[in-house]
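Colleague: Count along the sequence shown starting at 1, add 7, and that's the number in this note's numbering. Quick reminder that beta carbons are idealized off the backbone N, C-alpha and C, glycines included. If you're wondering where the values come from, they're calculated on a predicted model, not measured in any experiment. Structure provided below as structure tokens; questions to follow.
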Amino acid sequence: MIHLKNISKIYSNGTEALKNITLDIEPGEFVFIVGPSGAGKSTFLKLLIHEEKATFGRIRVNGYDLMKIKNRKVPYLRRTMGIVFQDFRLIEKMNVFDNIAFAMRAIGTPERAIRKRVSFVISAVGLTGKEKSRPSELSGGEQQRVSLARALVNNPEIIIADEPTGNIDPKMSFEIMKRLVDINKKGTTVIVVTHEHELVKEFGGRIIIINGGEIQRDERIPAKIHEQENEDENEGSGDNS
Ligand code: ADP
8 MIHLKNISKI
18 YSNGTEALKN
28 ITLDIEPGEF
38 VFIVGPSGAG
48 KSTFLKLLIH
58 EEKATFGRIR
68 VNGYDLMKIK
78 NRKVPYLRRT
88 MGIVFQDFRL
98 IEKMNVFDNI
108 AFAMRAIGTP
118 ERAIRKRVSF
128 VISAVGLTGK
138 EKSRPSELSG
148 GEQQRVSLAR
158 ALVNNPEIII
168 ADEPTGNIDP
178 KMSFEIMKRL
188 VDINKKGTTV
198 IVVTHEHELV
208 KEFGGRIIII
218 NGGEIQRDER
228 IPAKIHEQEN
238 EDENEGSGDN
248 S
């Protein structure tokens, strides 16, 4: 659960990246954060994961008060969320399995439980057979799926995907979005940050438009994709509506 009340972020050079943002995201929501470059999207994400601290206001994430959180508690906050970074942030000297297992080893999970869970998330993202590959041996879309599997492995309450369509081709972006929708259907809150309005129109959900550090719009739009799933024969046909 995410609560922001009158949140402002002013960087040390005086840039006011977020201006008086008030916003709640409830468990199980699927939310797009949309806005042009420089709008404040990354700053918003950085506040959620406590990479940056808000200048004013109140912010609570998954039970943690981020205006008061102690440094030693930040890793616990971060364990409640899985993040799919735009640049994937995979460790090149580790294979796929170890990249994903890393987050579980870091919290001392027994090796047997790791093997079981990592195999499960690898199959969930469609990467079975690639366990021993290094990141550089994978396509961009596959690397992103490793990044998604790593985000999922500790069963987080929230998945945050930063521009999931930025570094891969349109077909793969569609793939990854479908996976995020499936994850959301199982109850995980999903937050997708993007500058692509097209993606939002396709998938629907709650759309929060940020511009100049302010919320310009916050609305829910229906998903086109679900209609398409039920009408397979229409797949690929033009939408003249
Ligand atoms: P977006 O992710 O939507 O492109 P950002 O949150 O990165 O937007 O940036 C919002 C504003 O804050 C921009 O004007 C940007 O230049 C500024 N900004 C971002 N990070 C910093 C920083 N570390 N120091 C100073 N200004 C920053």
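1. Verify whether the separation of the beta carbon atoms of residue 222 and residue 30 is less than 8 Å.
2. I need the straight-line Cα distance from residue 158 to residue 140, nearest angstrom please.
3. Sort out for me which residues DSSP pairs residue 213 with in a bridge.
4. What are the residues that DSSP puts in a beta bridge with residue 16?
5. Looking at the ligand ADP, does it come within less than 7 Å of residue 50, judged from the CB to the closest heavy atom?
6. Can you tell me which of the three DSSP states residue 8 falls into?
7. Just checking, does the segment 189-206 make contact with the segment 35-47 on the three C-beta pairs under 8 Å criterion?
8. Considering just the uninterrupted stretch of the beta strand (DSSP E) at residue 196, what are its terminal residues?
9. Residue 24: beta carbon under 7 Å from a heavy atom of the ligand ADP?
10. In this structure, does DSSP put residue 250 in helix, strand or coil?
11. Can at least three beta-carbon pairs, one atom from the segment 125-137 and one from the segment 86-100, be found at a separation below 8 Å?
12. Check each candidate in 147, 85, 154 and name the one with the smallest Cα separation from residue 131.
13. Quick one: what's residue 88 bridged to in DSSP?
14. Going by DSSP in three states, residue 152 sits in which element: helix, strand or coil?
15. Return the chain-ordered list of same chain residues with a C-beta closer than 8 Å to the C-beta of residue 163, the five sequence neighbours on each side being excluded.
16. Which one of 144, 137, 143 has the shortest CA to CA distance from residue 156?
17. So, under 8 Å CB-CB, residue 27 and residue 19 are touching, yes? Tell me the CB distance rounded to an integer number of Å.
18. Kindly identify the DSSP beta-bridge partner or partners of residue 63.
Modeller: In this structure, then:
1. Taking the sequence shown and counting its residues from 1, one reaches residue 222 at position 215. Taking the sequence shown and counting its residues from 1, one reaches residue 30 at position 23. In contact: residue 222 and residue 30 (Cβ atoms closer than 8 Å).
2. As a position in the sequence shown, residue 158 is number 151, starting the count at 1. As a position in the sequence shown, residue 140 is number 133, starting the count at 1. Each residue's Cα considered, the two are about 18 Å apart.
3. Here residue 213 refers to the residue found at position 206 when the sequence shown is read from its first residue. DSSP lists 38, 227 as the bridge partner or partners of residue 213.
4. What you label residue 16 is simply residue 9 of the sequence shown in a count that begins at 1. Paired residue(s): 25.
5. Within the sequence shown, numbered from 1, the residue matching residue 50 stands at position 43. Short note on residue 50: C-beta closer than 7 Å to some heavy atom of the ligand ADP.
6. In the sequence shown, residue 8 corresponds to position 1, counting from 1. Residue 8: coil per DSSP, three-state reduction.
7. The segment 189-206 makes contact with the segment 35-47; the number of CB pairs closer than 8 Å reaches 3 or more.
8. On the sequence shown, position 189 is the one that residue 196 refers to. Residues 196-201.
9. Translated into the one-based positions of the sequence shown, residue 24 becomes position 17. Correct: residue 24 has its Cβ closer than 7 Å to the ligand ADP.
10. In the structure displayed, the chain extends from 8 to 248; residue 250 sits before or after that span and is not available.
11. No contact exists between the segment 125-137 and the segment 86-100.
12. As a first step, residue 131 must be located in the sequence shown, where it is residue number 124. Measuring C-alpha to C-alpha distances from residue 131 to each of 147, 85, 154 identifies 154 as the nearest.
13. Taking the sequence shown and counting its residues from 1, one reaches residue 88 at position 81. 165.
14. Taking the sequence shown and counting its residues from 1, the one referred to as residue 152 is at position 145. Helix, per DSSP.
15. For this step, residue 163 is matched to residue 156 along the sequence shown. Only residues of its own chain outside the window of five on either side were considered, and among them 86, 87, 88, 89, 195 have a CB closer than 8 Å to the CB of residue 163, listed in chain order.
16. Residue numbering aside, residue 156 sits at position 149 when the sequence shown is read from its first letter. Among 144, 137, 143, the Cα nearest to that of residue 156 is on 137.
17. Stepping through the sequence shown from its first residue, residue 27 is reached at position 20. Stepping through the sequence shown from its first residue, residue 19 is reached at position 12. That pair is no contact at about 19 Å.
18. Reading the sequence shown from its first residue, position 56 is the one you call residue 63. The bridge partners DSSP lists for residue 63 are 15.
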